[in-house]
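Here's the structure we're looking at; comments come further down.
Protein chains: 2
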Amino acid sequence: MPKIVVDVMPKAELLDPQGKATTGALARLGYEKFQNVRVGKRFEFTVEGEVTSEVLAEVCKVADEILSNDVIEDVVAITVDDELIELEDEAE
Amino acid sequence: MPKIVVDVMPKAELLDPQGKATTGALARLGYEKFQNVRVGKRFEFTVEGEVTSEVLAEVCKVADEILSNDVIEDVVAITVDDELIELEDEAE
């Protein structure tokens, strides 16, 4: 079954406390060279049948409306079987 | 500055309650064709200076020891500026 991956990150203009904490932890442990850590989510799921353009549209809808919170998060990537899908909703 | 992305997923053999809940929610909303949702984490961070093989080794160490919990999670991908890095720790 085709595997779909949706990557969701907190919007760049928002504070990301989990990322800040991780940056701080890395620095304390001696890894000062790693900075600006941001922590997002990665959803992996399978889809029944072939991935037609209709299914793709549905995936984009699900990613935008259910898997991410529009107010604080951006869908940064959608891949189908390791192939990156265009994200054209940036224009809105 | 080079951007590094580390993807961490719950191990395949473990239950993933968050993923199960998401699968259920999608089905209830009419998206039954999307199944086996698993929810993992995506870390994005920048690194100072060039990404030498030493820095890469450090990134792999940080990914394995700090960003993921070995007992319940797998590091599934590490990319540097969108280029996938080999993950050779699967052999263990």
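Line by line, the protein sequences give chains W and X. Okay, so the first sequence: first residue is 1 according to full-length UniProt numbering, each after it adds one. Okay, so the second sequence: first residue is 1 according to full-length UniProt numbering, each after it adds one. Using N, Cα and C, we set each Cβ at its ideal position, and we do this for glycine too.
Could you compute how far the alpha carbon of W/Val62 sits from the alpha carbon of X/Ala25?
Within the first sequence, numbered from 1, the residue matching residue 62 of chain W stands at position 62. Within the second sequence, numbered from 1, the residue matching residue 25 of chain X stands at position 25. When rounded, the distance between both Cα atoms is 11 Å.
Go through its chain and collect everything with a Cβ distance to X/Thr79's Cβ below 6 Å, but skip five positions before and after it.
Walking along the second sequence from the start, residue 79 of chain X turns up at place 79. Val5, listed in sequence order.
Taking W/Phe34 as the reference, give the member of X/Asp16, X/Asn69, X/Glu32 and X/Cys60 with the closest Cα.
Position 34 of the first sequence, counted from the start, is the residue given in the question as residue 34 of chain W. The shortest C-alpha separation from W/Phe34 is found at X/Cys60.
Taking the C-alpha atoms as reference points, what is the distance between X/Val55 and W/Gln18?
Here residue 55 of chain X is taken as the residue at index 55 of the second sequence, counted from 1. Here residue 18 of chain W is taken as the residue at index 18 of the first sequence, counted from 1. Rounded to whole angstroms, X/Val55 to W/Gln18 spans 23 Å at the Cα level.
Using only alpha-carbon positions, find the residue among X/Asp64, X/Met1 and X/Gly30 that is nearest to X/Asp74.
The residue labelled residue 74 of chain X in the question sits at position 74 within the second sequence. Closest by alpha carbon: X/Asp64.
Helix, strand or coil: how does DSSP classify X/Gly19 here?
Counting from one through the second sequence, the residue named residue 19 of chain X turns up at place 19. Helix, per DSSP.
Per DSSP, W/Thr52 forms a beta bridge with which residues?
In the first sequence, the residue the question calls residue 52 of chain W occupies position 52. Note: W/Thr52 sits in no beta bridge, so no partner.
Give a yes or no on whether the minimum CB-CB distance between X/Thr22 and chain W is below 9 Å.
One-based indexing of the second sequence puts residue 22 of chain X at position 22. Output row for X/Thr22: interface = yes.
By Cβ distance below 7 Å, which residues in the same chain neighbour X/Ile85 in space, the five residues on each side in sequence not counted?
By one-based count along the second sequence, residue 85 of chain X stands at place 85. Closer than 7 Å at Cβ, skipping near neighbours: Leu56, Ile78 and Thr79.
Candidates W/Met9, W/Glu58 and W/Val37: which alpha carbon is nearest W/Ser68's?
On the first sequence, residue 68 of chain W is found 68 positions in, with the first residue counted as 1. Considering only alpha carbons, the answer is W/Met9.
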